[in-house]
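Sequential numbering from 23 applies to the sequence shown in our numbering.
We put the beta carbon where it would ideally sit given N, CA and C, even for glycine.
Have a look at the structure below before the remarks.
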Amino acid sequence: MKKFLVSLDKDVARRELFFAQPDTQNFEVFSAINTMNETEETLAQRFDLTQFEQHYGRKVTKGEVGCTLSHLAIYQKIADNSAIAEDEFCLICEDDALFAENFQSVIDEIIQQNIQADIILTGQSKILQFNDIELEINYPITFEVLSPKIGNTNYCYAFPYKNYFAGTVCYLIKKSAVRKFLIFLTQHKAYWLADDYPLFEQQFAMQTRVIRPLLAIENPDLVSNLESIRGSLNNNLFKKLVKYPLKKALAIKRNLT
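And the structure:
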């Protein structure tokens, strides 16, 4: 399986921390596209700034453009690689990814299981632990006993109650799925956030599943605003709990159908 690591050239320390983890030696480093010094005019040549604003109701940041373009550039590399089969998954990670202890063995089991999906979210950003309660409260799946197990592991996969923005810290994507993006780009410019999985479902008919517990989170040693993230997760806990029963019901229904 082909593995890619997205990293800005300047982030040497981040890469060193990433490659200090087991089973990372076969990742191909992709030099992330740095758009921070570009003008709005040059960005507009590669990214539809107007459509982004119409879709999201705000202006895009230069970093968001660079992130989306970087992932799309990797998709082009996947499409151009004749050694990768159309139904084969590739793994894409960002350099702040912290892996669970049994990361590689579970990834191997996922590949062998032939899960029917275009994208499998194996990681998530802005989550503090691999099995954080925030996952269940905000992003529930169906009951664990009803979720297909991944081999002989304690992991399972399922549809979330609905697709949501989960970050791009670590995910699997099929070669056949990347072609859907690239076909669109032959006549249009990208206008989306790199982790807009709800849009990918609507625009490209992408099936996205999630792994529970997570196999990757953002490395706490690299999250400078950890306290603000913790505060954000704890904010309006009561409101989140009020919404939870409906979300859980939607998750059960979605996975049954």
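Identified DSSP bridge partners for residue i
i	result
Arg231	Ile142
Ser104	None; Ser104 has no bridge partner.
Lys25	Phe49, Leu113
Phe69	Ala212
Phe121	Ala238
Distance between residue j and residue i (C-alpha atoms, nearest Å)
i	j	result
Ala273	Lys148	21 Å
Asn153	Thr190	18 Å
Cys89	Asn48	22 Å
Pro242	Ala119	9 Å
Ala95	Leu71	18 Å
Ile251	Ala54	Residue confidence is low: Ile251 scores 45 on pLDDT, short of 50, so the model does not pin down where it sits. Its coordinate-derived value is still stated next. Cα-Cα distance, rounded: 25 Å.
Pro44	Phe121	9 Å
Thr208	Ile132	32 Å
Thr61	Asn174	51 Å
Ser246	Ile239	Only weak support exists for where Ser246 lies, its pLDDT of 48 falling under 50; the value from the coordinates is given anyway. Taking the straight line from one Cα to the other gives about 14 Å.
Lys261	Leu157	15 Å
Test item: CB-CB of residue i and residue j under 7 Å
i	j	result
Asn286	Pro220	The structure shown has nothing for residue 286, since the chain only spans 23 to 279.
Lys269	Pro162	yes
Ala188	Asp217	yes
For residue i, the nearest candidate out of the options (CA to CA)
i	options	result
Phe41	Tyr179, Val200, Cys115, Phe187	Cys115
Val283	Asp117, Tyr177, His77	Past the boundaries of the shown model lies residue 283; the chain is included only from 23 to 279, so the question cannot be answered.
Met58	Lys211, Asp109, Val87	Val87
Gln98	Phe260, Arg201, Ala105	Arg201
Asp102	Lys197, Pro235, Leu27, Glu223	Lys197
Asn124	Leu65, Asn176, Met23	Asn176
Leu91	Asn56, Ala271, Pro267	Asn56
Leu226	Ile100, Asp140, Phe165	The sequence given here has Phe at residue 226, not Leu. Nearest option by C-alpha distance: Asp140.
Gln151	Cys112, Arg234, Arg36	Arg234
Ser104	Thr164, Met23, Leu236, Phe222	Met23
Residue i CB to nearest heavy atom of the ligand FAD below 6 Å
i	result
Asp117	This structure does not include the ligand FAD; it has no bound ligands of any sort.
Query - Any beta strand (DSSP E) of 3 or more consecutive residues that is wholly inside the segment 136–220 - result: Those beta strand (DSSP E) runs which fall completely within the segment 136–220 and span 3+ residues are 141–143, 178–180, 192–196.
Query - alpha helix (DSSP H) runs wholly inside the segment 253–279, at least 4 long, in chain order - result: Restricting attention to alpha helix (DSSP H) runs no shorter than 4 residues, the segment 253–279 encloses them at 259–278, ordered along the chain.
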